[in-house]
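Trainee: In full-length UniProt numbering, the protein residues as written are 1 to 300. Following this message is one structure expressed as structure tokens.
Laid out in structure tokens, this is it:
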């Protein structure tokens, strides 16, 4: 009985950690939108978020070194980690931050949530993975949901709506490419080790871009920008990464992925509470379609 009780507790803990990780990742969108009220640009905001994240990932990377770290990194491993870090954590974040200047938090999160359908399409195209009726239905449901939300926001958005959506979708494509290539690297190096190294690459790229494109005076920002950037680093970057890893150890990646579908819903709720964004029937209906599409893939 004790063993069964312990197992149940660990399972519940796993689901709780997965839910908190999904909410933490989603909170990033809200924090970015709040920071933009202070007249800060995307490059500066991303650099600050990454700079505050560096110490945490340095600690993890240091713990993953030494004789116990197996296998040792080869030249190819360094190259793979570098490219995937730039694709998955630097470029996708930069495009996402840029797009958030033009569109609502709810629409941004729903577009980002299309990444499983993009991975599916890329796998079918390049890896010759099967693409049948279930996959086609999932894609049609997901993109119909985005279209519904998009139409609902057309009146207030205009050209900037198209521009913002294009930036965020490009970031989603970049993240899907990262996921497509990260599987083998994670299997070889381990999730924590690979994530720490890839994040450090992204941090270096983000900070370097700021240094090359902005004068030092650009750091003379209102205190709320620094507070929100620190919150982004801890609440929406470092903690969710560790919580998701802990959740996967307890309940598996499939169940953790299912719990992650609460992300767009939590974003809609937080956007209504903290940003005053209206929760329209267009958004609710679109979110339902997107979730149905992604869930149909996750359940499989």
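Backbone N, C-alpha and C define an ideal beta-carbon position, used for all residues, glycine too. None of these values were measured; they are calculated from a predicted model.
With DSSP as the reference, label residue 194 as helix, strand or coil.
Mentor: Residue numbering aside, residue 194 sits at position 194 when the chain shown is read from its first letter. It is helical.
Trainee: Can you round the beta-carbon distance between residue 236 and residue 22 to whole angstroms, since I take them to be within the 8 angstroms contact cut?
Mentor: What you label residue 236 is simply residue 236 of the chain shown in a count that begins at 1. What you label residue 22 is simply residue 22 of the chain shown in a count that begins at 1. Their Cβ separation, rounded to whole angstroms, is 11 angstroms, which puts residue 236 and residue 22 out of contact at 8 angstroms.
Trainee: Spatial neighbours of residue 20 within its chain, please: CB distance less than 7 angstroms, with the 5 preceding and 5 following residues excluded, ordered by chain position.
Mentor: Taking the first residue of the chain shown as 1, we reach residue 20 at position 20. Answer for residue 20: 243, listed in chain order.
Trainee: With a Cβ-Cβ cutoff of 8 angstroms, do residue 116 and residue 297 count as a contact?
Mentor: On the chain shown, position 116 is the one that residue 116 refers to. On the chain shown, position 297 is the one that residue 297 refers to. Cβ distance < 8 angstroms, so residue 116 and residue 297 count as in contact.
Trainee: Which of helix, strand or coil does DSSP assign to residue 55?
Mentor: Translated into the one-based positions of the chain shown, residue 55 becomes position 55. Three-state result, residue 55: helix.
Trainee: Could you check what DSSP says for residue 217 in three-state terms: helix, strand or coil?
Mentor: Position 217 of the chain shown holds residue 217. Helix at residue 217.
Trainee: Where do the N-terminal and C-terminal ends of the alpha helix (DSSP H) with residue 227 fall, by residue?
Mentor: Reading the chain shown from its first residue, position 227 is the one you call residue 227. That run of the alpha helix (DSSP H) goes 223-233.
Trainee: Whole angstroms is fine: what's the gap from residue 90's alpha carbon to residue 96's?
Mentor: Position 90 of the chain shown holds residue 90. Position 96 of the chain shown holds residue 96. Residue 90 and residue 96 have their C-alpha atoms some 10 angstroms from each other.
Trainee: Determine the burial state of residue 59: buried for a count of at least 16 other Cβ atoms within 10 Å of its Cβ, exposed for fewer.
Mentor: Counted from its first residue, the chain shown places residue 59 at position 59. So residue 59 ends up on the exposed side.
Trainee: Run the CB neighbour count on residue 1, radius 10 Å, all protein chains shown included, and call it buried at 16 or more, exposed below.
Mentor: If you number the chain shown from 1, residue 1 lands on position 1. Bear in mind that a pLDDT of 47 at residue 1, under 50, signals an unreliable position, so the model cannot answer this.
Trainee: Count the other C-beta atoms from every protein chain shown that fall within 10 angstroms of the C-beta of residue 65, then say buried if there are 16 or more, exposed otherwise.
Mentor: In the chain shown, the residue the question calls residue 65 occupies position 65. For residue 65, the number of other beta carbons within 10 angstroms of its own is below 16, and it is reported as exposed.
Trainee: Could you check how far apart the C-beta atoms of residue 251 and residue 11 are, in whole angstroms? I think they sit under 8 angstroms.
Mentor: Here residue 251 corresponds to residue number 251 of the chain shown, with the count starting at 1. Here residue 11 corresponds to residue number 11 of the chain shown, with the count starting at 1. Confirmed, about 6 angstroms.
Trainee: In the DSSP assignment, find the alpha helix (DSSP H) that holds residue 76 and state where it starts and stops.
Mentor: Stepping through the chain shown from its first residue, residue 76 is reached at position 76. Element bounds for residue 76: 75-85.
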